[in-house]
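Everything below concerns the one structure shown next.
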Amino acid sequence: MSQASATPAARPPARRATSAGAEVVVEHASRRYGSVQALADATLHADPGEMLAITGRSGSGKSTLLNLIGGLDQPSSGSVLIDGREVWREPGAPRHRRELVGFVFQQHFLLANLTASANIEVALIGAGIRRSERRARALELLAEVGLVDRAEHLPAELSGGERQRVALARALANEPRLLLADEPTGAVDSATSQRILDLLAELRARRGMTLIIVSYDAQVGEQADRMLTVIDGVLGGELRSPPSPGAST
Ligand SMILES: Nc1ncnc2c1ncn2[C@@H]1O[C@H](COP(=O)(O)OP(=O)(O)O)[C@@H](O)[C@H]1O
Ligand SMILES: [Mg+2]
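Quick note: the sequence shown uses this note's numbering, first residue 50, plus one each step.
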C-alpha cells in the first residue's frame with residue numbers, strides 16, 4: 050500500500066483511473082407525493098461504468114427516479130443502493146453526495162455574476178483544495194469540455210450549449226463516480242443536443258463513471274448501453290438491445 054514519503058506529492062492526479070464507476074441498484078422503489086404515485090415499484094441495476102438512458106413522457110416519473118438515485122429524495126418504500134449500501138439513509142449522506150454524484154439538469158444553474166471558470170471553482174471549495182489549485186482544475190475541466198477559451202466569459206456571454214458544457218464541467222469537478230443528467234438537452238437545439246450527448250458519452254468512456262440520463266427525447270439512448278422507459282410511474286424493460294459487439298463507440 051502507500052509508503053510514507055518525505056516529499057509531498059506536487060499535485061494530486063487530475064482524475065481517477067477508469068473503472069471508477071459506482072454500481073446503482075434500485076429495488077422496488079416507490080415514491081408517492083400526496084395522492085400522486087410518481088413512481089411505482091421501480092427496480093433497476095446499473096453496472097459500474099454503464100451508460101443507461103431512461104426515457105418517458107413528461108410527468109412519467111423520470112426526475113423522481115433520478116432524484117431517488119442521487120439521494121435528492123427518498124423512496125416512500127423500497128431501496129436505493131450505491132455500491133451495495135443505502136448511502137442516502139446514512140448520516141454522511143450530504144458528504145457522500147458531494148463526493149460521489151455529479152448532477153446536470155435542463156437548466157444550467159450557473160451563477161450569473163461569475164465567469165465560467167469561477168462557477169467551476171465554486172464547486173471545488175468544499176473539497177479542501179487551495180485557491181490556485183481550484184483555478185488550475187477549473188481550466189482543466191473547461192478544456193475537457195472544449196471551452197478553455199471561454200474561461201473568463203460570464204454565462205450571459207455564452208451560447209446555450211456552451212453554458213450547458215460549463216455546467217457539465219462543474220458536475221465533473223469533484224470527480225463523480227456517478228453522473229446523473231436530467232433532460233440535459235431539454236433547452237438546446239437538436240444539433241447542440243447531439244453535441245452534448247456525444248460529449249457525455251465521451252466523458253463516460255474516458256472517465257469510467259456510471260452515467261444515467263433521463264429525457265423525454267429518445268435521442269439520448271443512441272449511445273447508451275441500455276435504454277429503459279417509464280410510463281406513468283412504471284419503469285419498463287429495455288426498448289432495444291445494446292449495440293452489437295464491435296460497434297463504434
Ligand atoms: N415534489 C412533488 N410534489 C408533488 N408531486 C410531484 C412532485 N414531484 C413530482 N410530482 C409529480 O410526480 C409525477 C412525476 O413527476 P416527474 O418525476 O417530475 O416526471 P418527469 O420527470 O418524467 O417529467 C408527476 O405527476 C408530477 O406532477
Ligand atoms: Mg423531469
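C-beta: ideal position from N, C-alpha, C; glycine also.
Quick one: what does DSSP say I261 is sitting in, helix, strand or coil? For the purposes of this step, residue 261 is taken as residue 212 along the sequence shown, with counting starting at 1. Of the three classes helix, strand and coil, the one that applies to I261 here is strand, per DSSP.
Got a sec? Which residues, its chain only, sit under 7 Å from T67 by beta carbon, not counting five neighbours each side? Reading the sequence shown from its first residue, position 18 is the one you call residue 67. Since pLDDT at T67 reaches only 41, below the 50 mark, its modelled position is unreliable, and the value read off the structure follows with that caveat. R256, G257, listed in sequence order.
Could you name the residues of the same chain whose beta carbon sits closer than 7 Å to that of R219, not counting the 5 residues immediately before and after it, in chain order? For the purposes of this step, residue 219 is identified with residue 170 of the sequence shown, where counting begins at 1. Counting only Cβ-Cβ distances below 7 Å, and skipping sequence neighbours, we find N168, I169, A172.
Identify which residue in R134, L227, P233, G285 has its Cα closest to the Cα of P97. Within the sequence shown, numbered from 1, the residue matching residue 97 stands at position 48. That would be L227, whose Cα lies nearest to the Cα of P97.
Following the continuous beta strand (DSSP E) through V153, name the residue where it begins and the one where it ends. For the purposes of this step, residue 153 is taken as the residue at position 104 of the sequence shown. If you look at V153, you'll find it in the beta strand (DSSP E) that goes 150-153.
Close-in-space but distant-in-sequence residues of the same chain around L188 (CB under 7 Å, 5 per side omitted): In the sequence shown, residue 188 corresponds to position 139, counting from 1. Closer than 7 Å at Cβ, skipping near neighbours: S166, V197, A200.
May I have the straight-line CA-CA distance separating V74 from L130, to the nearest angstrom? In the sequence shown, the residue the question calls residue 74 occupies position 25. In the sequence shown, the residue the question calls residue 130 occupies position 81. Distance between the alpha carbons of V74 and L130 is about 5 Å.
Along the alpha helix (DSSP H) that carries D247, what are the first and last residues, could you check? The residue labelled residue 247 in the question sits at position 198 within the sequence shown. 239-256 is the extent of the alpha helix (DSSP H) around D247.
Given this structure, state the Cα-to-Cα distance separating M276 from L221, to the nearest angstrom. The residue labelled residue 276 in the question sits at position 227 within the sequence shown. The residue labelled residue 221 in the question sits at position 172 within the sequence shown. Rounded to whole angstroms, the separation of the alpha carbons of L221 and M276 is 23 Å.
Could you please go through the chain and list the residues whose beta-carbon is closer than 5 Å to any non-hydrogen atom of ligand 1? With 5 Å as the limit between CB and the heavy atoms of ligand 1, the residues that fall short of it are Y82, V85, A87, S107, G108, S109, G110, K111, S112, T113.
Taking all protein chains shown into account, do 16 or more other C-beta atoms lie within 10 angstroms of the C-beta of P233, making it buried, or fewer, making it exposed? In the sequence shown, residue 233 corresponds to position 184, counting from 1. That one is buried.
Which runs of the alpha helix (DSSP H), 4 residues or longer, sit entirely within the segment 98-138? Listed in chain order, they are 111-118.
Can you tell me the Cβ-Cβ gap for L93 and A273, rounded? I've got them flagged as a contact below 8 Å. Residue mapping note: residue 93 aligns to position 44 of the sequence shown, counting from 1. Residue mapping note: residue 273 aligns to position 224 of the sequence shown, counting from 1. The pair is not a contact, with the Cβ atoms about 13 Å apart (cut-off 8 Å).
Do you know how far the Cα of G127 is from the Cα of F152? The count along the sequence shown starts at 1 and reaches residue 152 at position 103. The count along the sequence shown starts at 1 and reaches residue 127 at position 78. Taking the straight line joining both Cα atoms gives about 23 Å.
Which class does A165 belong to by DSSP, given the choice of helix, strand or coil? The residue given as residue 165 occupies position 116 in the sequence shown. In the structure shown, A165 falls within a helical segment according to DSSP collapsed to helix, strand and coil.
For R275, report the span of its beta strand (DSSP E) as first-last. Indexing the sequence shown from 1 puts residue 275 at position 226. For R275, the enclosing beta strand (DSSP E) covers residues 275-280.
Separation of A236 from E76, as counted between CA atoms: Stepping through the sequence shown from its first residue, residue 76 is reached at position 27. Stepping through the sequence shown from its first residue, residue 236 is reached at position 187. Each residue's Cα considered, the two are about 32 Å apart.
What does a CB cutoff of less than 6 Å around T113 pick up in its chain, not counting 5 residues either side in sequence? Taking the first residue of the sequence shown as position 1, residue 113 is located at position 64. Cβ within range, chain order: R80, A87, L88.
Distance, E224 Cα to R212 Cα: What you label residue 212 is simply residue 163 of the sequence shown in a count that begins at 1. What you label residue 224 is simply residue 175 of the sequence shown in a count that begins at 1. Their backbone Cα atoms lie some 20 Å apart in a straight line.
Contact check, G141 vs T278 under 8 Å by CB: the rounded distance? Sequence index remark: in the sequence shown, residue 141 carries index 92 (1-based). Sequence index remark: in the sequence shown, residue 278 carries index 229 (1-based). With a Cβ gap of about 34 Å, G141 and T278 do not count as contacting.
With DSSP collapsed to three states, give me the class of E287. The count along the sequence shown starts at 1 and reaches residue 287 at position 238. Here E287 sits in strand by DSSP.
Kindly give me the distance between the Cβ atoms of V269 and K111, rounded to whole angstroms, as I take these residues to be in contact under 8 Å. Position 220 of the sequence shown, counted from the first residue, corresponds to residue 269. Position 62 of the sequence shown, counted from the first residue, corresponds to residue 111. Between K111 and V269 the Cβ distance is about 11 Å, and since that is not below 8 Å, they are no contact.
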